[in-house]
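Using this note's numbering, the first residue of the sequence shown is number 368, and each one after it goes up by one. Idealized CB from N, CA, C, for every residue including glycine.
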Amino acid sequence: MNQSFFPPRRILMGPGPSDVSARVLGALGRPTIGHLDPLFVALMDEVKGLLQYAFQTENALTLPISAPGSAGMEACFVNLVSPGDTVIVCRNGVFGGRMQENVERCGGTAILVEDDWGQPVSVDKVAAAFKAHPEASLLALVHAETSTGVRSDAEALCALAREHGALSIVDTVTSLGGIELKVDAWGADAVYSGTQKCLSCIPGLSPVTFSPRAVERIQARSERVQSWFLDMQLVMGYWGGSSKRAYHHTAPINLLYALHEALLMLREEGLEAAHARHRRHHDALVAGLAALGLEMAVAAEYRLPQLNAVRIPEGVDDAALRKTLLEDFNLEIGAGLGALAGKTWRIGLMGHACTAANVTLCLTALATTLARQGLRLDAGAALEAADAVLAAA
Ligand SMILES: *Cc1c(COP(=O)(O)O)cnc(C)c1O
């Protein structure tokens with residue numbers, strides 16, 4: 368007979384989802400009301416305002432798409448790419464590749480600007496691509512590449528797009544709430560994110576924001592958007608002005624309670640304080656890892672504090688180690704993806720999971736588990752090194 372599912376309480380220090388707080392889980396369990404109930408419509412407006420704060424934007428078209436981050440990505444591409452368009456796509460990891468796929472499925476031509484995994488997008492290469500392809504109408508880039516733990520200079524890249532009369536599509540799934548992101552000040556045009564990374568909410572929603580220039584481009588389309596569900600002209604009617612709301616689909620009501628709560632928590636903490644918290648715990652983790660003799664895979668200046676790529680030492684059984692972490696410590700860390708599989712771990716310090724307790728647990732569990740595999744390390748020194756960073760802050 369089937370039984371109710373009671374998952375264990377894990378500590379989620381991988382590439383997402385991250386730990387969800389009791390406060391957000393509590394919001395998720397509140398009574399479901401109708402999606403056209405005036406109280407729910409008012410909540411939708413609040414969510415929009417809180418998202419504008421998180422994205423640092425005044426864009427009117429700011430809302431959560433009712434599906435995960437990949438749907439936000441797709442919403443940006445299907446609305447802004449028309450058949451025959453040329454799009455410069457920066458690829459330095461998994462998600463740039465997914466962007467390329469989106470461009471091609473929209474009938475566009477993707478001009479790839481490639482950088483090695485573990486390196487940021489080269490602004491010079493993008494400038495050269497615009498020179499070679501003056502017809503390019505869009506630039507697509509990933510601000511925080513979760514597959515490699517690298518931050519690219521989204522501000523400079525968005526400025527470059529503007530200089531060439533192109534719009535920018537920016538993936539901020541992992542950056543939102545974790546590192547500085549200023550949609551309006553940077554002039555980013557179509558920006559999407561996710562809820563399960565640094566916002567520490569349940570997966571399943573994708574906050575997006577479109578600049579007035581992007582909205583103009585969408586409204587000027589001559590062809591209908593290929594996706595009915597993600598057609599922003601239709602979605603706008605549902606999320607648009609509160610006076611007149613047209614049924615489009617049924618919003619995932621309780622998920623929006625959860626997102627509202629997570630965004631409230633972000634605003635209570637303050638964006639800058641949240642960024643500083645991610646930075647501080649990252650510094651502590653890196654100091655502890657160094658004391659264990661472990662090396663970071665990404666140069667310090669491009670590292671994401673919320674996603675730490677760590678080189679797996681020679682001779683370590685990666686799969687066995689992660690299995691022990693999960694089974695004996697209830698701790699999930701991420702494996703390497705693609706070219707980095709078996710070569711790196713990805714240790715997340717995202718949102719609610721970004722705490723001193725988790726840094727300590729992670730260092731202790733890694734030291735213990737590596738010792739079981741025969742490595743000689745000094746766990747005490749690692750904890751001291753991490754604590755020295757946290758105590759100094
Ligand atoms: C997680 C992630 C996505 C995809 O989000 P889903 O919610 O898994 O669809 C896209 N881009 C980046 C950079 C991510 O980290």
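Whole runs of the alpha helix (DSSP H) within the region 678-751, excluding any shorter than 4 residues = The qualifying runs are 685-696 and 723-739.
request  = May I have the straight-line CA-CA distance separating A720 from Q673, to the nearest angstrom?
outcome  = So the two alpha carbons sit approximately 10 Å from each other.
ask   = For the beta strand (DSSP E) that contains E413, what are its first and last residues?
value = That residue, E413, is in no beta strand (DSSP E); its alpha helix (DSSP H) goes P405 to F422.
inquiry  = Rounded to whole angstroms, what is the Cα-Cα separation between W484 and Q467?
reply    = In a straight line, the C-alpha of W484 is about 16 Å away from that of Q467.
Residue range of the unbroken alpha helix (DSSP H) whose run includes M603 = Residues M599 to W606.
task = Tell me whether S371 is buried or exposed, calling it buried when 16 or more other Cβ atoms sit within 10 Å of its Cβ.
result = S371 counts as exposed, since fewer than 16 other beta carbons sit within 10 angstroms of its beta carbon.
message = Distance check for A738 and S504, CA to CA, integer angstroms please.
response = C-alpha separation (whole angstroms): 54 Å.
message = Please state whether the Cβ-Cβ distance between V490 and L534 is less than 9 Å.
response = Cβ distance not < 9 Å, so V490 and L534 don't count as in contact.
task = Determine, using beta carbons only, whether C729 and M380 come nearer to each other than 9 Å.
result = Yes. Within cutoff.
key: contact_flag[the region 535-544, the region 687-695] where n(CB pairs < 8 Å) is 3 or more   = In short, these stretches do not touch, since the Cβ pair count stays below three.
inquiry  = Mapping the DSSP letters down to three states, classify L566 as helix, strand or coil.
reply    = Here L566 sits in coil by DSSP.
key: Per-residue burial, T399 [other beta carbons within 10 Å of its own, 16 or more giving buried]   = So T399 counts as exposed.
task = Could you say if the region 702-719 and the region 671-688 meet the contact criterion of at least three C-beta pairs nearer than 8 Å?
result = These segments touch.
message = Tell me whether the region 573-589 and the region 421-436 touch, counting them as touching only if at least three CB pairs, one residue from each stretch, are closer than 8 Å.
response = The region 573-589 is in contact with the region 421-436.
inquiry  = Ignoring anything shorter than 3 residues, give me the beta strand (DSSP E) runs that lie fully in the region 489-551, in order along the chain.
reply    = Entirely contained in the region 489-551, the beta strand (DSSP E) runs reaching 3 residues are, in chain order, 505-509 and 534-538.
ask   = What do you reckon, is the C-beta of E639 under 8 Å from a heavy atom of ligand 1?
value = No, since every heavy atom of ligand 1 falls outside the 8 Å radius drawn around the Cβ of E639.
ask   = What does a CB cutoff of less than 8 Å around E590 pick up in its chain, not counting 5 residues either side in sequence?
value = Taken in chain order, the residues that qualify are S449 and P450.
request  = Classify Q419 as buried or exposed, calling it buried when 16 or more other Cβ atoms lie within 10 Å of its own Cβ.
outcome  = Counting other Cβ atoms within 10 Å of its Cβ, Q419 reaches 16 or more and is therefore classed as buried.
message = Using only the alpha-carbon positions, how far apart do Q586 and P405 sit?
response = Cα to Cα, Q586 sits roughly 28 Å from P405.
Runs of beta strand (DSSP E) lying entirely within the region 441-498, each at least 3 residues, in chain order = As far as the region 441-498 is concerned, its whole beta strand (DSSP E) runs of at least 3 residues are 453-458 and 476-481.
inquiry  = Within 10 Å of its beta-carbon, does W595 have 16 or more other beta-carbons around it, so buried, or fewer, so exposed?
reply    = Residue burial annotation: W595 is exposed, with fewer than 16 other C-beta atoms found within 10 angstroms of its C-beta.
message = What residue range does the beta strand (DSSP E) around Y559 cover?
response = Counting along the chain, the beta strand (DSSP E) containing Y559 begins and ends at A557 to Y559.
ask   = Based on the DSSP secondary-structure assignment, which residues constitute the bridge partners of L430?
value = L430 is bridged to V575.
ask   = DSSP state of N621, grouped into three classes?
value = N621: helix per DSSP, three-state reduction.
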